[in-house]
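First up is the structure itself, then whatever we jot down about it.
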Amino acid sequence: MSASERIATWGAPAATVVDPVGGTLAGATGRYEKRLADLQGVFADADAYARLLAEDPDRLHYFVEDFRREERAGDLIFGTSVLLPGKVGREFHMTRGHVHQLEDRTEIYHCLSGHGILLMERGGEVEAIELTPGTIAYVAGGWLHRSVNVGADQLVTLFCYPADSGQDYSPIERAGGMARLVVESADGGWELVENPRYTGPAA
Ligand code: MN
């Protein structure tokens, strides 16, 4: 099959429309949700997690709506990530976090509304980019990444990454989380603190 024949099978252009505050993506091809019960072991404060789980295991933490046409090299996947506000113990709500299976695959996150942190890590090195509306954060290849909501409202980001990237959640699980936690500070803001469960660089 020639290159032009391959491209022809990718189909027609498409438009999607994002709600920058609600976070929904009209025209999305998929959606998934993560609730409190799906996030076992993610938060450092196991007692706080257990208490919240007993109260409301279905508490919605985040959802993702995305547009996927092909999962092959050269195509793009894009969509919205919507992270609800709140904390588990002192730790702010966050996504599970992952690294791309193909190590050189990159990503951007464009903050549409809310206030968050894009927490990244590679080989024990840590980067935290503050997300406010308009920020476009670039995730270099090989970096673990997760988003954290440190604000009072939903954190809505638009992401885009190569369609063949793949997502590997296991390095963060194996290392007892990421090296730093994003927690509420004494003045009501946010700060990074050492993760007491962290067992060493995972990626
Ligand atoms: Mn990613």
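For the sequence shown, position 123 matches number 136 in this note's numbering, and the numbering has no gaps at all.
Every residue, glycine too, gets a C-beta built ideally from N, C-alpha and C.
Would you say the beta carbon of Glu120 comes nearer than 7 Å to a heavy atom of the ligand MN?
Working through the sequence shown from its first residue, we reach residue 120 at position 107. Yes; taking the cut-off as 7 Å, the Cβ of Glu120 has a heavy atom of the ligand MN nearer than that.
Secondary structure of Trp23, DSSP reduced to three states
Along the sequence shown, read from residue 1 onward, the residue named residue 23 stands at position 10. Three-state result, Trp23: coil.
Look up Ala216 in the DSSP assignment and say whether it is helix, strand or coil.
Within the sequence shown, numbered from 1, the residue matching residue 216 stands at position 203. Because Ala216 sits at a pLDDT of 47, beneath the cut-off of 50, its placement in the model cannot be relied upon, and the following sentence gives the value as read from the coordinates. It is coil, neither helix nor strand.
Between which two residues does the beta strand (DSSP E) holding Glu143 run?
Taking the sequence shown and counting its residues from 1, the one referred to as residue 143 is at position 130. First-last of the beta strand (DSSP E) with Glu143: Glu138 to Leu144.
Locate the beta strand (DSSP E) running through Tyr151, then write down its first and last residues.
Working through the sequence shown from its first residue, we reach residue 151 at position 138. Per DSSP, Tyr151 belongs to the beta strand (DSSP E) from Ile149 to Val152.
In chain order, what residues of the same chain lie with their CB nearer than 8 Å to the CB of Pro70, ignoring the 5 residues before and after it?
Here residue 70 refers to the residue found at position 57 when the sequence shown is read from its first residue. Excluding residues within five positions, the ones whose Cβ falls inside 8 Å are Arg48, Leu49 and Ala50.
Rounded to whole angstroms, what is the Cα-Cα separation between Leu171 and Ala63?
Here residue 171 refers to the residue found at position 158 of the sequence shown. Here residue 63 refers to the residue found at position 50 of the sequence shown. Those two C-alpha atoms are separated by around 31 Å.
Pro98 beta carbon less than 8 Å from that of Asp166
Here residue 166 is taken as the residue at index 153 of the sequence shown, counted from 1. Here residue 98 is taken as the residue at index 85 of the sequence shown, counted from 1. Contact flag set, yes.
Measuring alpha carbon to alpha carbon, tell me which residue in Ile130, Glu204 and Tyr182 is nearest Leu52.
As a working mapping, residue 52 is identified with position 39 in the sequence shown. With distances taken between Cα atoms, Leu52 lies closest to Tyr182.
Please confirm whether any heavy atom of the ligand MN lies closer than 7 Å to the CB of Gln53.
Within the sequence shown, the letter at position 40 stands for residue 53. Answer for Gln53: no, Cβ out of range of the ligand MN.
CA nearest to the CA of Phe76, picked from Asp60, Glu83 and Ala41
Residue 76 sits at position 63 when you count from the first residue of the sequence shown. Looking at Asp60, Glu83 and Ala41, the one whose alpha-carbon comes closest to that of Phe76 is Ala41.
How big is the Cα-Cα spacing for Gly213 and Ala192?
As a first step, residue 213 must be located in the sequence shown, where it is residue number 200. As a first step, residue 192 must be located in the sequence shown, where it is residue number 179. In a straight line, the C-alpha of Gly213 is about 8 Å away from that of Ala192.
Answer yes or no: the CB of His123 versus the heavy atoms of the ligand MN, is any distance below 7 Å?
By 1-based counting over the sequence shown, the position of residue 123 is 110. Every heavy atom of the ligand MN is 7 Å or more from the Cβ of His123, so no.
Which one of Glu138, Thr93, Val101 and Phe105 has the shortest CA to CA distance from Tyr122?
Within the sequence shown, residue 122 is the residue found at index 109, counting from 1. Of the candidates Glu138, Thr93, Val101 and Phe105, the one whose C-alpha sits nearest the C-alpha of Tyr122 is Thr93.
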